[in-house]
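These notes concern the structure reproduced below.
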Amino acid sequence: VSISDEPETLYKRLSLLVKGHDKAVLDSYEYFAVLAAKELGISVEKVHKPPKKIERLTLLKSVHIYKKHRVQYEMRTHYMCLELKYLTSSTAAVYLEYVQRNLPEGVAMEVKKTKIEKIPEHIREPVWDTLPQVEENEVKS
-19 VSISDEPETL YKRLSLLVKG HDKAVLDSYE YFAVLAAKEL GISVEKVHKP PKKIERLTLL
41 KSVHIYKKHR VQYEMRTHYM CLELKYLTSS TAAVYLEYVQ RNLPEGVAME VKKTKIEKIP
101 EHIREPVWDT LPQVEENEVK S
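Numbered by my numbering, the letters in the sequence shown go through residues -19 to 121 in order.
Printed below as a string of structure tokens:
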């Protein structure tokens, strides 16, 4: 364990998008990922499943003739999105390491991190406080 003086990075949200061709494997992995998050004390914001993507491919059975004889193949890609909120960088690193090492075969994962940062100095003061006052003259007709 390394100790450093610099402050830890804070993440507002950590979003995991998991893709796979087998729905049962994704369901099992979802259970595992949520259980691991609860074990580490990470709050799970939501788990949702975006619509699956189906890719179909049609091929001719015969090489030369018999155009009516075809075979259809399809690949289904199922998705599962897990959103965790309010993490430190060390907790996120430990969780991601554990979850990625136990990723099942044939499953891919995308990770998106939303970092919390301080507001820069030039933005802190409201702009309307620094603008010169313009006098309004009423026009009477």
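Note that CB positions come from ideal geometry on N, CA and C, so glycine has one too.
Measure the alpha-carbon distance for E122 versus L(-4) and round it to whole angstroms. Past the boundaries of the shown model lies residue 122; the chain is included only from -19 to 121, so the question cannot be answered.
Would you please verify whether the beta carbon of E118 is less than 8 Å from any beta carbon of chain B? Of the protein chains in this structure there is only one, and it is not chain B.
Per DSSP, which one or two residues make a beta bridge with V(-2)? Beta-bridge partners of V(-2) (DSSP): M60 and M89.
Opening and closing residue of the alpha helix (DSSP H) in which T(-11) lies: Where T(-11) is concerned, there is no enclosing alpha helix (DSSP H), given that its DSSP letter is neither H nor E.
Give the DSSP bridge partners of E54, in chain order. Answer is R36.
Taking 8 Å as the cut-off, decide whether the C-beta atoms of Y75 and A17 are in contact. Judged by beta-carbon spacing, A17 lies within the 8 Å limit of Y75, meaning their Cβ atoms are closer than that value.
Around the Cβ of Y(-9), are there at least 16 other Cβ atoms within 10 angstroms (buried) or fewer (exposed)? buried
Three CB pairs or more closer than 8 Å across the region 13 to 32 and the region 58 to 72: Flag = yes, the region 13 to 32 and the region 58 to 72 touch.
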